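Each step along the sequence shown adds one to the number in our numbering, with nothing skipped, and position 310 is 310.
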Amino acid sequence: MTIHRSLSLIAAIALFATAIADDGLLGKPRGGKGGGNSGGQSSGGGGNSDSKSGERNPPPRTRDSDNRDNGSRRTGNSGGDDSLIGRRSGRSGVIQYGTNSNSAARGRNNDRDGDSRQPSTYRFPTDDEIAQRANREARTRPNTRRGYYHYDSNWRDDNFSYPYYRFDYDDRCVFSPWYAYPHLPGYVSGIRISINLPHWSFTYDDRECDWRYQDRYDRYDSNYELDVAVRDLVRTFERRDMRALDSMLPRRSRIAIRNENGRAYSINSDDFYDLMNDAVNGTRTRRYAIESVREGRGGAQIVARHEFDDPWGRRDAVYHQYILEEDYRGGYSIVEFGTYRTNPCR
């Protein structure tokens, strides 16, 4: 009898010890580390667990995850303001402006110094006006832009992708391709440009190609590579697909920039990518229409009409002209880009 009681007591003690060791019998989740009311780390490496619910908290956000989220938000054609915000650096450098040149930040009804002039009043100043601005004794301020007027009044200079904008004209900058876009900066720092323009040996004819947008083209057609290049330009703006543009920008290359003022310069491909990123992801594009395509031996000329909503809700348009050169891969690369208020080929 005594032996039986002893065995029963030993069995009870063993069962109690097993219950202590097995958290599952005490209502605690398996795999937890630690006890009491504090949450433990999951043994699976999946992040922290909540002691009350047993559910894992989401992993902390990183720069890479933010970039992935921003990229997914920019895939639409128009979208809201949240798709226009969030970029802090680009290929050409780190954003370190620390300033705010957004006229919309002072209120949409506040038009001090003409900073929020609507884009119909924007024009490239003449050489005489530029000289007048440079002359310290001149009292007349030429008709050049100051700052920009963004869609979002909370936008700051540090939100742009390109780190070398200038927001007021002086003799240390040049006109940016986006001078006619009121929500984008009008000038680029002179330290990033060269007056030496890239040279090419090809010519293009006055004959226009009959180009039409398609998702797929005949790979065996003689104009296949050119058709794909033009389609990629449309996708860049209408779908905010920067990968389509990137395929046409060889690294360590230079692109000539032209505008209505006629003062051409060149920038490297990383600078051009960041400039285009600001226009593509920072503009409410309605349509990117191809006006003409002219091909030749070794190159092509494309003119497109960029239709977009301006910050005042009006529909506006700027013409883009590309010069493409056949590259060693059999495709086309951008060697020149220009922006114009009117069609440069008419």
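Built from N, CA and C at the ideal position, the CB exists for glycine as well.
Quick caveat, the model's predicted, so the values are computed rather than measured.
Indicate the three-state DSSP secondary structure (helix, strand or coil) for F272 in the structure shown.
Three-state DSSP puts F272 in a helix.
With a CB to CB cut of under 8 Å and the five nearest residues on each side skipped, what residues in its chain are close to W178?
L184, P185, G186, L275, D278, A279, T339
Among Y165, F272, F337, G299, which one has its Cα closest to the Cα of R252?
F272
Beta-carbon of R314 versus every beta-carbon of chain B: anything under 7 Å?
This model lacks chain B altogether, as it is built from one protein chain only.
Buried or exposed: N154, going by 16 or more other Cβ atoms within 10 Å of its Cβ?
exposed
CA-CA distance, G90 and P163?
7 Å
With DSSP as the reference, identify every bridge partner of C173, one or two as the case may be.
S189
Could you tell me how far apart the beta carbons of R172 and G190 are, in whole angstroms, since I believe they sit closer than 8 Å?
5 Å
Just checking my contact of V230 with I302 at CB under 8 Å: how many whole Å lie between their CB atoms?
Between V230 and I302 a beta carbon distance of about 6 Å is seen, short of the 8 Å cut, so the two are scored as contacting.
Can you grab the Cα-Cα spacing for the pair L233 / A256, in whole Å?
17 Å
Report the partner residues of T203 according to the DSSP bridge assignment.
Looking at the DSSP assignment, T203 forms a beta bridge with R297.
Report all residues from its chain with a CB closer than 6 Å to the CB of Q321; omit the five preceding and five following residues, and keep chain order.
V303, G338, P344
With a CB to CB cut of under 7 Å and the five nearest residues on each side skipped, what residues in its chain are close to Y265?
V174, I193, S194, I195, I257
Helix, strand or coil for D327? Go by DSSP, reduced to three states.
In this structure, D327 counts as coil in the three-state DSSP scheme.
If we count the other Cβ atoms within 10 Å of its Cβ and call it buried at 16 or more, is D170 buried or exposed?
Under the 10 Å beta carbon count, D170 is surrounded by fewer than 16 other beta carbons and is classified as exposed.
Where does the unbroken alpha helix (DSSP H) through A229 begin, and where does it stop?
224–238
Just to confirm my understanding: we take H150, look at its own chain, exclude 5 residues before and 5 after, and list those with CB closer than 6 Å. What are they?
N102, A104, H183
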